[in-house]
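Have a look at the structure below, then the notes.
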Amino acid sequence: MARQPRALRAASTGTPEAVVTDDGWWTLHFMSAGAGWRTVLQLAPQAPFAEALLVARAPLRVVDGAGAVVLAGQLDADGECEAAWPFAAAPSDHLQAHGARFTVEPLEADTP
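Note that my numbering numbers the sequence shown so that position 56 is 56, with each residue one more than the last.
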């Protein structure tokens with residue numbers, strides 16, 4: 001899979017429930033979890049590469065506009081991957097401060 005850098009479709013104040021890439025293939029959902037946040041990466045089933053990616057079960061990572069890892073893992077059968085939000089700032093504040101973008105890319109075996 002090629003890297004999928006995308007601008008966020010919409011910026012908002014406060015913490016969004018989700019941000020969607022401009023092509024609509026990827027969504028990051030944010031859920032409050034106690035004192036922190038949980039993040040879910042969701043692949044749109046209509047993405048042209050969705051079936052192949054789900055079958056391959058290839059590990060992926062999401063990086064913010066500054067290159068910091070937001071989450072890493074494998075998509076489940078529903079096309080989702082979940083992890084704790086790794087930054088001190090709330091998702092909207094962090095993403096806006098780091099270019100208002102995220103990239104979904106393959107996670108190579110030798111990549112942290």
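Positions of the beta carbon are idealized from the N, C-alpha and C atoms, including for glycine.
- Under the 10 Å beta carbon count, residue 91 is surrounded by 16 or more other beta carbons and is classified as buried.
- In the DSSP assignment, residue 41 falls within the beta strand (DSSP E) that extends over 36-43.
- Judged by DSSP secondary structure, residue 52 falls within the alpha helix (DSSP H) whose first and last residues are 50-56.
- Just measuring C-alpha positions, the residue of 62, 61, 55 sitting nearest residue 77 is 55.
- Every unbroken stretch of the beta strand (DSSP E) spanning 3 or more residues and falling wholly within the region 44-108 is given here in chain order: 59-64, 69-74, 80-84, 101-106.
- The beta-carbon separation of residue 63 and residue 102, rounded to 7 Å, stays under the 8 Å limit for a contact.
- By the Cβ neighbour-count rule, residue 57 is exposed, with fewer than 16 other Cβ atoms within 10 Å of its own.
- Per DSSP, the unbroken beta strand (DSSP E) holding residue 26 starts and ends at 26-33.
- Burial state of residue 49 is exposed, judged by a 10 Å Cβ sphere holding fewer than 16 other Cβ atoms.
- When C-alpha distances from residue 41 are compared across 26, 96, 22, 106, the shortest belongs to 26.
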